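Taking numbering that gives the first Met the number 0, I'd label the letters of the sequence shown as residues 0 to 255. Quick notes on the structure that follows.
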Amino acid sequence: MSSYFEYVSEDNGRIVLDDRFQNFELVDVTALSQCRKDATTPTLYSYALPAIPGLTPGKEVLVHGLGLTGLSGKRFCINVTQDYYERRLYLYDPDLPASQRVHPVFRDDIAAVAKVYAFAIRTRKPAEHLSGIELYDESGNVLYSSGARYMDVIRCGTDAATVPYDDSTIAIPFGEDVYVEVKSSHKGQWGTESNIRPTFTVSADTVSVAASVFMTAYGGDVGDGGDGGGHHGDDENIEYRNLASYAYGYMIARAV
Numbered sequence: 000m001s002s003y004f005e006y007v008s009e010d011n012g013r014i015v016l017d018d019r020f021q022n023f024e025l026v027d028v029t030a031l032s033q034c035r036k037d038a039t040t041p042t043l044y045s046y047a048l049p050a051i052p053g054l055t056p057g058k059e060v061l062v063h064g065l066g067l068t069g070l071s072g073k074r075f076c077i078n079v080t081q082d083y084y085e086r087r088l089y090l091y092d093p094d095l096p097a098s099q100r101v102h103p104v105f106r107d108d109i110a111a112v113a114k115v116y117a118f119a120i121r122t123r124k125p126a127e128h129l130s131g132i133e134l135y136d137e138s139g140n141v142l143y144s145s146g147a148r149y150m151d152v153i154r155c156g157t158d159a160a161t162v163p164y165d166d167s168t169i170a171i172p173f174g175e176d177v178y179v180e181v182k183s184s185h186k187g188q189w190g191t192e193s194n195i196r197p198t199f200t201v202s203a204d205t206v207s208v209a210a211s212v213f214m215t216a217y218g219g220d221v222g223d224g225g226d227g228g229g230h231h232g233d234d235e236n237i238e239y240r241n242l243a244s245y246a247y248g249y250m251i252a253r254a255v
């Protein structure tokens, strides 16, 4: 293992940059009000995020968050998807009735003031004019540049929390839990789909984060007795969807 830089404080605290070091660099800040609003279906609303010069969606690891400046009194969930073609941001209103909050909506109250921050682990080459401080690895790639801004994590995890925030604070969803148990046929659907997402509640000087459940329940007759539990009739024509994944998490961070 190669060590490229080590800082030792007076109390023997250490910061080491070695060949395992990676840091999320701020690569884009976009005003949400400037993003195109798309309604793909009557229940699927999203904001199309612009391309980031020099980065390919779906190739680089991108982490997205919403700046909290101007969002006092707002409560929301956020999700960003990306592939090789585009990045899309979805906003949810956890205060809507259960049957409605499962669908992303246009949050004009948030979009009017919020900014979207994107971070990535980049492979940099040395700056052309060598200004500021840059640390390189043995391959000549830049590990740290004083000309860049990086993610500083204030709080992360899965537990509910309340932390103070300022104009530089960013709410970042890191994942969600998904559970699906649905039977489908030409007659209908029976079962449930559940997503557990981080919900951010912003006050005048603190932001709270807690888990919210977004569940869709299906109670139709799929041909197995009407309650989804039988095994007779035309069961051979029933499609079963079963899925469970656990990735719930969040970060409260800032760009420094």
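C-beta: ideal position from N, C-alpha, C; glycine also. Quantities reported herein were computed from a predicted structural model and do not represent experimental measurements.
- Annotation for residue 107: no beta strand (DSSP E) segment contains it, though the alpha helix (DSSP H) segment containing it runs 107 to 110.
- Residue 179 and residue 244 have their C-alpha atoms roughly 9 Å apart.
- Taking the C-beta atoms as reference points, residue 251 is found nearer than 9 Å to residue 208.
- Counting the other Cβ atoms within 10 Å of the Cβ of residue 86 gives 16 or more, which makes it buried.
- Judged by DSSP in its simplified three-state form, residue 65 adopts strand.
- Where residue 81 is concerned, the enclosing beta strand (DSSP E) starts and stops at 74 to 81.
- Annotation: residue 33 is outside any alpha helix (DSSP H) and is labelled neither H nor E by DSSP.
- Its Cα nearest to that of residue 96, the residue 211 stands out among 211, 236 and 242.
- In its chain, beyond the 5 residues on either side, 195, 245 and 247 have a beta carbon closer than 6 Å to the beta carbon of residue 176.
- The alpha-carbon separation between residue 143 and residue 25 amounts to approximately 12 Å.
- With respect to residue 119, residue 62 sits close: the two C-beta atoms are nearer than 9 Å.
- According to the DSSP assignment, residue 100 belongs to no beta strand (DSSP E) but to the alpha helix (DSSP H) extending over 97 to 100.
- Around the C-beta of residue 33, fewer than 16 other C-beta atoms lie within 10 Å, and the residue is accordingly described as exposed.
- DSSP places residue 183 in the uninterrupted beta strand (DSSP E) bounded by 168 to 183.
- About 33 Å separates the Cβ atoms of residue 213 and residue 121, ruling out a contact at the 8 Å cut-off.
- Closest in alpha carbon position to residue 41, among 105, 204, 159 and 172, is 105.
- Residue pairing by DSSP leaves residue 148 without any beta bridge partner.
- Under the three-state reduction of DSSP, residue 236 is assigned to helix.
- The closest CA to that of residue 149, considering only 116, 127 and 156, is found on 116.
- Pairing residue 48 with residue 29 gives a Cβ-Cβ distance under 9 Å.
- For residue 120, no beta strand (DSSP E) run applies, since DSSP gives it neither H nor E.
- For residue 70, the secondary structure class from DSSP, reduced to helix, strand or coil, is coil.
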